[in-house]
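This report concerns only the one structure given below.
Shown next as structure tokens:
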């Protein structure tokens with residue numbers, strides 16, 4: 001892609017998110033979300049491959065539906081209450097519709113079906129943008145409206161953690177596994193949103209770091225299926241020995257970074273007398289842990305297949321920058337000791 005066009009599109013992505021962040025009026029927030037969608041579509045379709053075009057079309061249709069729902073709900077809210085301010089949502093009907101529209105935008109279960117399909121059709125770089133940056137603007141709006149309907153949030157959160165765990169069990173495609181991992185993590189964030197918004201934000205940031213690291217590892221190995229991970233030993237032995245730690249961090253095992261948000265969320269849910277919800281969420285994390293362990297096993301404990309299609313690719317030195325990978329990997333593994341400082345910051 002022409003670097004000037006790429007720069008304009010990335011600028012559009014940044015501008016759309018910033019407009020949504022800065023807006024207190026529903027029309028401006030909607031406009032920011034639309035700019036975001038329109039800026040990423042050429043990036044998604046840049047490889048003129050049928051799968052990429054199909055993924056782009058699916059993404060466009062779901063995002064347009066969510067944006068239409070959002071606009072409809074904000075107009076309804078203006079009609080019922082006479083104002084457009086995001087933080088002054090009072091009527092339960094527009095709040096519920098907007099919560100569902102934003103859930104569709106970020107891919108929460110049960111409106112998640114587009115996310116694995118779309119991510120599977122994209123290359124890893126655009127997939128990374130879709131899994132991280134594109135979640136920011138809708139999350140800013142969810143945090144601002146502070147939904148009062150607690151039941152719908154807990155239902156969305158629990159179905160997301162369960163479907164995110166179950167859906168990934170049978171997958172062999174890495175991008176689909178990462179999509180289900182994304183759904184499960186978003187479920188954890190939504191569960192605790194009404195009790196501690198700052199904790200939701202912390203979970204979002206740690207998820208970004210771990211996902212960034214995972215995508216960069218797969219990109220370095222040019223891996224898109226579990227089987228191709230087996231050849232990574234010969235390409236980057238040190239990175240291959242560190243990758244299971246990143247994956248287990250995504251799964252939420254101590255003493256890795258990913259344990260911190262899960263631990264704090266379970267603690268918060270227990271404080272709110274939601275022991276059953278916390279138990280279901282913790283058990284659903286075991287489902288996710290299974291497929292992270294499966295990836296770790298494929299990377300570190302299996303030999304690459306020696307048939308013709310699986311022969312080890314030519315060892316060309318990678319042109320990818322390794323500094324972002326090094327920083328994100330270190331953060332994905334080593335940040336758990338900062339928990340006391342984080343809890344002190346989160347305390348009201």
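Numbering (full-length UniProt numbering), first residue to last: 1 to 348.
Cβ atoms here follow ideal geometry from the backbone N, Cα and C, with glycine treated the same way.
Everything numeric in this text was worked out from a predicted model, so none of it was measured.
Non-local C-beta neighbours of residue 198 in its own chain, meaning closer than 7 Å and more than five positions away in sequence, comprise 346, ordered along the chain. Non-local beta-carbon contacts of residue 207 in its own chain, meaning distances under 6 Å to residues more than five positions away in sequence, involve 185 in chain order. By DSSP's assignment, residue 47 forms no beta bridge with any residue. In this structure, DSSP gives residue 320 a state outside helix and strand, which the three-state scheme calls coil. Residue 11 sits exposed, since fewer than 16 C-beta atoms from the chains shown fall within 10 Å of its C-beta. Under the DSSP definition of a beta bridge, residue 25 partners with 85. In the displayed model, residue 272 falls within coil according to three-state DSSP, outside both helix and strand. In this structure, 277 is the residue among 277, 82 and 272 with its C-alpha nearest to the C-alpha of residue 157. When the five nearest sequence neighbours on each side are left out, the beta carbons in the same chain lying within less than 6 Å of the beta carbon of residue 217 are those of 243, in order along the chain.
Boundaries of the alpha helix (DSSP H) harbouring residue 227: 226-229, taken from the DSSP string. Across the structure, residue 240 and residue 234 are spaced so that their CA atoms are roughly 9 Å apart.
Counting only the Cα atoms, residue 124 lies some 8 Å from residue 175. If you draw a straight line from the Cα of residue 129 to the Cα of residue 142, it is about 20 Å long. In the DSSP secondary-structure assignment, residue 173 is bridged to 225. A straight-line Cα-Cα distance of about 39 Å links residue 288 and residue 75. Judged by DSSP in its simplified three-state form, residue 213 adopts helix. Note on residue 172: under 16 other CB atoms within 10 angstroms of its CB, so exposed under the neighbour-count rule. In this structure, the CA atom of residue 215 is about 11 Å from the CA atom of residue 247. Just measuring C-alpha positions, the residue of 220, 334 and 179 sitting nearest residue 254 is 334. As for any beta strand (DSSP E) of minimum length 3 sitting wholly inside the stretch 236-271, there is none. Closest option to residue 126, judged by alpha-carbon separation, among 95, 100, 44 and 285: 44. DSSP, reduced to helix, strand and coil, places residue 126 within a helical segment of the structure shown. Of 2, 269 and 236, the smallest CA-CA separation from residue 320 is found for 236.
If you draw a 10 Å sphere on the C-beta of residue 160, you find 16 or more other C-beta atoms in it, and that means buried. Residue 192 sits away from residue 331, with the two beta carbons spaced by 7 Å or more. Linking residue 13 to residue 42 through their CA atoms gives a straight-line distance of about 11 Å. Contact holds between the stretch 255-269 and the stretch 280-287, because three or more Cβ pairs, one in each stretch, are under 8 Å apart.
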